[in-house]
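Take a look at the structure below.
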Amino acid sequence: MINKPLVSIVVPCYNVEKYVEACISSVILQDYENWECILINDGSKDNTLDLIKSFESRENRIRVFTQENFGLSATRNKGIENANGEFLFFLDSDDILSNDAISTLVSSFQNNDIVTGITTSAAFSNNNNNMTRLSQLLHPKEGTITFENSHFEVLVRTMEIGLTPVAQNRLYRKDFIDQHQLRFKSGILHEDELWFFETMLLAENVKFINKETYFYRIDNQDSITKNVGDRNLESYIQVMEEIIKKYSQHEQFNIIAKWYSVYIKKIFLDFAVRERSKLSGQIISRLESALKDCYIPLAKENLLSKNNDLYYKTINKLSLKPFSIIEKHFFRNPVNSLRKIVNVFKVSYFLK
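Going by UniProt numbering, the first residue of the sequence shown is number 1, and it counts up by one from there.
In C-alpha cells, the structure reads:
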C-alpha cells in the first residue's frame, strides 16, 4: 500500500446551509490526516458559501471554489480537475463520514482501481447531533471481496442481485480516472447510473470492504429522490442512450453494454410505472420512441443465471410495446412466482 497518500475529498455544495457544517466537520474529524477537501459552491442562494468559506479560513486543507449553478455533474468534474491527490473520494454535502472512513479505505487498498465501503442510510435529529441508522445500501453478500473484473464481474453482479450504483463512498485511484478521461455527464439527473457503469466497466480491480464508512441522509426534503417528475425519466433515458451509443458497437464492450442497457431499462420502467401520475404524456411518448430506437436483441451468451437471462430478455421484448402494455405486464425480477411466469409467457408468445 502507498504510505499515507493524499486523498482529495470532493464535496459539491448547493443550498445546504442546514447540513454542510455537519458534513465538513466529519471530514475534519477523520483519523487520517493526509487529505484535502475541495468544496465547490454551485450557485447556492442561501448561506452555504459563507459557511464553507468560514471552514476554509480555519483549515488549510480545505479549498473553496464557487461558480454559477451548473449542476452536480459539472461540479464534481470541477473537483476532479482541481484534485491533487493520488485518490479521489466523492462526498455529498448533506451526508456524513465515519471518523475512520478514509483511513479504512486507504488501508484496504491493494493495487485496486476502486475501493468501496458500506453506505448506511440514516436519519438525523437534534441539530444533526443524533443519528438513527436505518438500512444499508446494496453491497456484496460476501462483505469483503475483490473482483479482478476481467469479465465485468461487478456489472454482472449488479444485474444479478443488485449493487447500489452511486459515486460516493468509493476511493478511486486518480490515475485510473485520468487514464480513461472519466467525467460525469452534465445536464442530467441520476448521473451516478452512467458513472457507475463506466467506472465498473473499465476498472481492472475493484474491492468492496465489510466496513461502514458513510452515512447517507434520507431526511433532506430537497433531494431529487423526494421530488420526481419528467426530468428524472428523461435523464434515465439519456443514460440508456449513452450506453448504447458509446459501447454497443465496441469490440470489447458490446455484449455487456447491450445487457446492461436492459438493466437500465428495468430501472426506469419500474420508475415510470410507479410514478406514472407524476409524468406527462410528452415524456411517455419520448420513452416509447427511445425504447424502440435503442432496442437491440440480446444474444445467447451465458452471461446471467437462467432466471435472470429469461427476465432480461422478457423485459427487452416488452420494451417494444406501447407504454400502456408495458405498464400492464411489467414486473420486477426474479422470476419466482406463477404470476411472473405467466407474464413471461404472455410477453414471449401473445405479445409478439
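Glycine included, C-beta positions come from ideal geometry on N, C-alpha and C. Small disclaimer: the values here were computed from a predicted structure and weren't measured.
Residue i classed as buried or exposed, judged by whether at least 16 other C-beta atoms fall within 10 angstroms
{"i": "Phe-197", "result": "buried"}
{"i": "Pro-165", "result": "buried"}
{"i": "Phe-147", "result": "buried"}
{"i": "Gln-30", "result": "buried"}
{"i": "His-250", "result": "exposed"}
{"i": "Arg-12", "result": "One point to set straight first is that residue 12 is Pro, not Arg, in the sequence displayed. Looking at its Cβ environment, which holds 16 or more other Cβ atoms inside 10 Å, Pro-12 is buried."}
{"i": "Ile-9", "result": "buried"}
{"i": "Gly-117", "result": "buried"}
{"i": "Phe-350", "result": "exposed"}
Distance CB(residue i)-CB(residue j) smaller than 8 Å
{"i": "Val-342", "j": "Lys-278", "result": "no"}
{"i": "Phe-90", "j": "Ala-167", "result": "yes"}
{"i": "Thr-119", "j": "Tyr-214", "result": "yes"}
{"i": "Ala-83", "j": "Lys-174", "result": "yes"}
{"i": "Leu-171", "j": "Val-115", "result": "yes"}
{"i": "Lys-185", "j": "Glu-242", "result": "yes"}
{"i": "Ile-218", "j": "Ala-299", "result": "no"}
{"i": "Ile-96", "j": "Glu-59", "result": "no"}
{"i": "Tyr-295", "j": "Ser-319", "result": "yes"}
{"i": "residue 362", "j": "Asp-42", "result": "Residue 362 is absent from the structure shown; the chain starts at 1 and stops at 352."}
{"i": "Ile-40", "j": "Gln-67", "result": "yes"}
{"i": "Thr-158", "j": "Asn-210", "result": "no"}
{"i": "Ile-283", "j": "Ser-261", "result": "no"}
{"i": "Asn-307", "j": "Asn-205", "result": "no"}
Rounded straight-line distance, which links the Cα of residue j to that of residue i
{"i": "Thr-48", "j": "Ser-73", "result": "19 Å"}
{"i": "Tyr-216", "j": "Asp-92", "result": "8 Å"}
{"i": "Arg-274", "j": "Phe-330", "result": "11 Å"}
{"i": "Trp-35", "j": "Ser-54", "result": "18 Å"}
{"i": "Pro-322", "j": "Tyr-236", "result": "18 Å"}
{"i": "Lys-45", "j": "Pro-5", "result": "35 Å"}
{"i": "Ala-257", "j": "Cys-37", "result": "34 Å"}
{"i": "Phe-271", "j": "Lys-265", "result": "10 Å"}
{"i": "Glu-234", "j": "Asn-3", "result": "44 Å"}
{"i": "Glu-17", "j": "Asn-232", "result": "25 Å"}
{"i": "Ser-285", "j": "Leu-189", "result": "19 Å"}
{"i": "Arg-76", "j": "Ser-26", "result": "19 Å"}
{"i": "Leu-338", "j": "Ser-98", "result": "44 Å"}
Own chain partners of residue i with C-beta closer than 6 Å, once the 5 adjacent residues on each side are dropped
{"i": "Glu-56", "result": "Ile-62 and Val-64"}
{"i": "Met-1", "result": "Because Met-1 sits at a pLDDT of 45, beneath the cut-off of 50, its placement in the model cannot be relied upon, and the following sentence gives the value as read from the coordinates. Within the same chain, Met-1 has close Cβ partners Phe-109."}
{"i": "Trp-259", "result": "Leu-303"}
{"i": "Trp-195", "result": "Ala-167 and Phe-184"}
{"i": "Thr-314", "result": "Val-344 and Val-347"}
DSSP state of residue i mapped onto helix, strand, coil
{"i": "Gly-117", "result": "strand"}
{"i": "Gln-238", "result": "helix"}
{"i": "Gln-179", "result": "helix"}
{"i": "Thr-104", "result": "helix"}
{"i": "Glu-144", "result": "Rather than Glu, the amino acid found at residue 144 in this sequence is Thr. It is coil, neither helix nor strand."}
{"i": "Val-20", "result": "helix"}
{"i": "Gln-136", "result": "strand"}
{"i": "Met-1", "result": "Reliability fails at Met-1, whose pLDDT of 45 lies under 50, so the model's placement of it is uncertain and the value that follows must be treated cautiously. Of the three classes helix, strand and coil, the one that applies to Met-1 here is coil, per DSSP."}
{"i": "Arg-173", "result": "strand"}
{"i": "Gln-282", "result": "helix"}
{"i": "Val-64", "result": "strand"}
{"i": "Ala-167", "result": "coil"}
{"i": "Ile-38", "result": "strand"}
{"i": "Tyr-14", "result": "coil"}
{"i": "Glu-301", "result": "coil"}
Chain-order list of residues whose beta-carbon lies under 7 Å from that of residue i (same chain, five-residue window excluded)
{"i": "Glu-21", "result": "Leu-51"}
{"i": "Ser-150", "result": "none"}
Close beta carbons around residue i, own chain, < 8 Å, minus the five adjacent residues each side
{"i": "Glu-193", "result": "Pro-165, Tyr-236, Val-239, Ile-264 and Ile-267"}
{"i": "Ile-255", "result": "Ala-299, Glu-301 and Leu-303"}
Distance cut-off 7 Å: residue i Cβ against heavy atoms of the ligand HEM
{"i": "Tyr-14", "result": "No copy of the ligand HEM occurs in the structure displayed, which carries no ligand at all."}
Cutoff 8 Å: residue i Cβ touching any chain C Cβ
{"i": "Glu-153", "result": "Absent from the structure is chain C; it holds one protein chain and no more."}
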